[in-house]
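Chemist: Just passing along the structure, written as structure tokens.
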Amino acid sequence: MMENLEHLLLEKDIKPTAIRLLVVRAMQEADCALSLTNLETRLATVDKSTIFRTLTLFLEHHIIHAVSDGSGQTKYALCPSDCHCDNKDGHNLNGLHIHFSCENCHRTFCLRGLSIPEVELPEGFVLNNANYVLMGLCPECAAKQKKR
Ligand SMILES: [Zn+2]
Ligand SMILES: [Zn+2]
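95 is the number of the first residue of the sequence shown in this note's numbering; add one for each residue after it.
Structure, rendered in structure tokens:
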């Protein structure tokens, strides 16, 4: 598995150092988007500023994307392989997916199969990015609530 991750970094022109591999592995193992604090907890041996620098580098090279889910903490998730978030022409939201934020466990999920719907903007507006976050209960929390 480490080899796959190395390949993933090399593909995006990132030198696969031990720490970068640790960060990318933690993100791959998570089933939801992770904040800097989440990553710090998962990677107890790596200091926060190193994690932050690594995230910044990953963002620049488009192997991860940032999500603002309204929690006040930016969260990060690996980009799907067909991701187009490096598409800078701004008119194309293809490849950007919807996120779902659970109000109970506060995890934010990438709904990778669901792309952001196209909107007809009024004259003069120029679209650069979109942040589409749905809120509610994740399957786990919804199941727990049913039992009660
Ligand atoms: Zn939940
Ligand atoms: Zn996502």
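Backbone N, C-alpha and C fix where the C-beta goes; we use that ideal spot for every residue, glycine too.
1) Based on the DSSP secondary-structure assignment, which residues constitute the bridge partners of Lys241?
2) Contact check, Lys142 vs Leu130 under 8 Å by CB: the rounded distance?
3) Within this structure, are the beta carbons of Thr202 and Lys169 separated by less than 8 Å?
4) Using a Cβ-Cβ distance cut-off of 8 Å, determine whether Phe194 contacts chain D.
5) Determine, using beta carbons only, whether Ile145 and Leu133 come nearer to each other than 8 Å.
6) Buried or exposed, going by whether 16 or more other CB atoms sit within 10 Å of the CB of Met229?
7) So is the beta-carbon of Leu231 under 7 Å away from any non-hydrogen atom of ligand 1?
Modeler: Put simply:
1) Per DSSP, none; premise fails for Lys241.
2) Contact holds; Cβ gap of about 7 Å.
3) Yes.
4) No chain D is present in this structure, which holds just one protein chain.
5) For Ile145 and Leu133, yes; Cβs fall inside 8 Å.
6) Classified as exposed, Met229 has fewer than 16 neighbouring CB atoms from the shown chains inside 10 Å of its CB.
7) Yes, ligand 1 has a heavy atom inside 7 Å of this Cβ.
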